[in-house]
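Take the sequence shown: its position 144, counting from 1, is numbered 1546 in our numbering, and each next residue is one higher. Working notes for the structure below.
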Amino acid sequence: MTLTPTRRRTAAAVLTAALLVPLAACGNDDTKKDANGSTASGSAAAPAANLTVLAAASLTDVFKTAGSAYEKAHPGTRLTFSFAGSQELVAQVSQGSPADVLVTADTKSMDKVKADTSTPAIIATNRLVIATGEGNPFKVDDLKDLADTKLKVVLAAPEVPAGKYSKQILDKQSITVKPVSQEPNVRAVLSKVELGEADAGLVYKTDAAGAADKVDAVEIPDDQNAVAKYPAATLKDSKNAEAAEAFVAWLSSPEGQKILQDAGFQKP
């Protein structure tokens, strides 16, 4: 029988549909489900991407751990961290440096680039301690001891979040400290104490805990201390917006929070 042009088109459409059905079925078979009925791709709900994360220096150690855990749970995603003082990170964002996520050690720094970010979420908090040489050789007991001119004290610079918090708590107690240097980030303050170039310095509790074999930490009472808040946000110019949003959300998830709190950070 000779097919008319119309009948030929109809037959072709039927044949195409018949071929597509088995392909679609194969695709469904590849989607495995776990005991809860979720697909195996659930852990990879976020698209694979190479993400650049600008993060406060005090997050250096914990974010390396968090990054490894996140990459393991999200195959195909790679995280590259750039750590610096929050003021430096804000400057990078303002200058248009390509990145996907920003995490600062205070809300004021994040506010300076609010036009460039999504609404931030506080992922953790922190407090200051007095870091001294191992064994606390100069017997530093409290903030007042930092006013001793015989003591070499180092602080973070005033424009750095740790420096702002330091000034805040010292001013609150009417304590005048003349630092031998003011550093560009809190990790530089810690390094000075570790190397013996300073007798004492104000750093975050988590920084001192990470160097417990090199420095001692003198606790500061809560009523004399300051609470450092860490906001995280995606950058509006990110070329990997969905993946960036997934990472920021993960930082507030039970897994992300456990890693942060195991490192000494406190709940948001």
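In this text, a Cβ means the ideal position worked out from N, Cα and C, and glycines have one as well. From a predicted model like this one, the values you see are computed outputs, not experimental measurements.
Reducing DSSP to helix, strand and coil, say where proline 1563 ends up. helix
May I ask you to verify whether the region 1467-1477 touches the region 1503-1521, counting CB pairs closer than 8 Å and requiring at least 3? no
Buried versus exposed call for serine 1484 [16 or more other C-beta atoms within 10 Å across all chains shown]: exposed
Quick one: residues in its chain with C-beta nearer than 6 Å to the C-beta of proline 1581, no 5 flanking neighbours on either side, listed in chain order? Val1555, Val1556, Leu1557
Short of 8 Å in beta carbon distance, which residues of its chain neighbour threonine 1482, apart from the five on each side in sequence? Order them along the chain. Asn1452, Leu1453, Thr1454, Val1455
Using CA coordinates, which residue listed in Ala1590, Leu1548, Leu1597 is at the minimum distance from leucine 1572? Leu1548
Can you find at least 3 beta carbon pairs, one from the region 1529-1536 and one from the region 1623-1642, that sit closer than 8 Å? yes
State the Cα-Cα distance for the pair alanine 1459 and glutamate 1621, rounded to the nearest angstrom. 21 Å
As a quick exercise: from Ala1501, Ala1590, Ala1614, pick the residue whose alpha carbon is nearest that of alanine 1665. Ala1614
What three-state label does DSSP hand serine 1599 in the structure shown? For the record, residue 1599 in the displayed sequence is glutamate; it is not serine. Glutamate 1599: coil per DSSP, three-state reduction.
Are the CB atoms of aspartate 1639 and glutamate 1536 within a distance shorter than 8 Å? no
First and last residue of the uninterrupted alpha helix (DSSP H) at alanine 1645: 1643-1653
Using only the alpha-carbon positions, how far apart do leucine 1461 and threonine 1551 sit? 31 Å
Looking at the secondary structure, which residues open and close the beta strand (DSSP E) in which proline 1633 lies? 1629-1636
How close, in whole Å, do the beta carbons of lysine 1616 and glutamate 1596 come, if the pair is a contact with beta carbons under 8 Å? 5 Å
Does DSSP put valine 1515 in a helix, a strand or coil? coil
Per DSSP, the bridge partner or partners of aspartate 1618: Thr1534
Leaving out the 5 sequence neighbours to the left and right, which residues in its chain are closer than 7 Å to proline 1522 when beta-carbon positions are compared? Met1512, Pro1633, Ala1634, Ala1635
What residue range is occupied by the uninterrupted beta strand (DSSP E) comprising aspartate 1465? The sequence given here has phenylalanine at residue 1465, not aspartate. Run containing phenylalanine 1465: none in the beta strand (DSSP E); it sits in the alpha helix (DSSP H), 1462-1475.
Give the C-beta separation of valine 1588 and valine 1605 to the nearest angstrom, bearing in mind that I take them to be a contact with Cβ-Cβ under 8 Å. 5 Å
Going by DSSP in three states, isoleucine 1661 sits in which element: helix, strand or coil? helix
Close Cβ partners of isoleucine 1600 (< 6 Å) along its chain, the five nearest in sequence each way excluded: Here the sequence assigns alanine to residue 1600, which means isoleucine is not the residue at that position. So the list reads Lys1554, Val1556, Lys1594, once near-sequence residues are dropped.
Give the straight-line distance between the Cα atoms of arginine 1674 and alanine 1643, rounded to the nearest whole angstrom. Because the chain is modelled from 1403 through 1670, residue 1674 falls outside the range shown and cannot be assessed.
Could you tell me the alpha carbon to alpha carbon distance between tryptophan 1652 and aspartate 1544, rounded to whole angstroms? 37 Å
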